[in-house]
Ligand code: A3P
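Residue numbers (the numbering used here): 955 to 1229.
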């Protein structure tokens, strides 16, 4: 079933490509693909599959019509969503999204920042097998003991700092912070929060998930007891991380502590990363 057919099946009516009303803006390695895939099950949601648009950060000069052309076809009643985790750390994205739509709903999936950094590094290592170790990337100069806060794997996890740019433009009630950690352990519950936030019916529930022991993660099925159209995320999602020296992890945890604390205060939610 093609995407268009699926969309027209779900709710009849003329189909057209529309600008998104909600965007998953981050964070890289937070679980953004999982969330988008989960939401794609919803009949009232048209979620852009395929590559990330990177419109408000890298491709802004291509123009709004180019952006719209990347969106899936949808009926009048469906909500269009895209995800580009690079937006969260982009200086330009908040103002640009605001210029397009002041009422945009923003979703950010966050994950414990040290694990996120290691996940990010694992992805880079996959593409460049000759990479230096995580430890030596973290401490540019091992003897000085200073953490390389400019390294993107580290920098992205300073959530409070990045969020500051967004709240200059959007009220907090337009932003939903999703726990990437809970998205792994209890996807139905976390997706429930997202459906509430988006104002769509709570149709994605426990019945759409099953734990796959081989994958080590929850996978999707269309309906209860119907595994015929079930699927897990691809091989690049849920990778095994390399072992990192515990003292390096400890140092990084200490490093993120103040930023995490500010972040919890900003969003009014304690993610328990520092316990
Ligand atoms: P790891 O590969 O480090 O485990 P993103 O899509 O934003 O790049 O996030 C990737 C992360 O999504 C994975 O990181 C994994 O932990 C997480 N994830 C959440 N739910 C998942 C699922 N059902 N299947 C696979 N990975 C999932």
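We put the beta carbon where it would ideally sit given N, CA and C, even for glycine.
Hey, out of 1072, 1174 and 1062, whose CA is closest to residue 1248's CA? A query on residue 1248 cannot be resolved here, the shown segment of the chain reaching from 955 to 1229 and no further.
The alpha helix (DSSP H) spanning residue 1139 covers which residue range? Here the alpha helix (DSSP H) through residue 1139 covers 1134 to 1139.
For residue 1224, tell me which candidate among 1179, 1132 and 1122 has the shortest Cα-Cα distance. Closest option to residue 1224, judged by alpha-carbon separation, among 1179, 1132 and 1122: 1132.
Could you name the residues of the same chain whose beta carbon sits closer than 6 Å to that of residue 985, not counting the 5 residues immediately before and after it, in chain order? 1063, 1134 and 1137
Can the beta-carbon of residue 1151 be found closer than 9 Å to that of residue 1058? Contact: no.
Close beta carbons around residue 967, own chain, < 8 Å, minus the five adjacent residues each side: Around residue 967: 1029, 1030 and 1031.
Taking one C-beta from the stretch 1114 to 1130 and one from the stretch 985 to 1004 each time, how about it: are there three or more such pairs within less than 8 Å? They do not touch, by the three-pair rule.
Is residue 1130 near the ligand A3P, with its Cβ less than 8 Å from a heavy atom? no
Which runs of the alpha helix (DSSP H) at least 4 residues long sit entirely within the stretch 1082 to 1165? Give them in chain order. 1088 to 1092, 1106 to 1109, 1113 to 1121, 1134 to 1139 and 1141 to 1152
In this structure, how does DSSP classify residue 1192 when only helix, strand and coil are distinguished? Three-state result, residue 1192: coil.
If you measure from each CB to the nearest heavy atom of the ligand A3P and keep those under 5 Å, what residues do you get, in chain order? 983, 984, 985, 986, 987, 988, 1073, 1138, 1171, 1172, 1187, 1191, 1192 and 1193
Verify whether the separation of the beta carbon atoms of residue 1158 and residue 982 is less than 9 Å. When the beta-carbon positions are compared, residue 1158 and residue 982 stay at least 9 Å from each other.
DSSP puts residue 1173 in a beta bridge; with which residues? Paired residues: 1164.
In the DSSP output, which residue or residues are listed as bridge partners for residue 1034? 1000
Coil, strand or helix - residue 1072 by DSSP: helix
Note down, in chain order, each residue of its chain lying with its Cβ closer than 8 Å to the Cβ of residue 1016, except the 5 sequence neighbours on either side. Apart from sequence neighbours up to five positions away, the residues of its chain that approach residue 1016 with a beta-carbon distance below 8 Å are 1009, ordered along the chain.
Three-state class that DSSP yields for residue 1016 in the structure shown: It is helical.
Report the three-state DSSP secondary structure of residue 1064 (helix, strand or coil). strand
Residues in the same chain with beta-carbon distance under 7 Å from residue 1103, minus the five sequence neighbours each way, listed in chain order, please. 1109
Considering only the beta carbon of each residue, do residue 1080 and residue 1193 sit closer than 9 Å? yes
Could you tell me which residues DSSP pairs with residue 1059 in its beta bridges? 976
Straight-line CA distance for residue 1036 to residue 1184? Linking residue 1036 to residue 1184 through their CA atoms gives a straight-line distance of about 22 Å.
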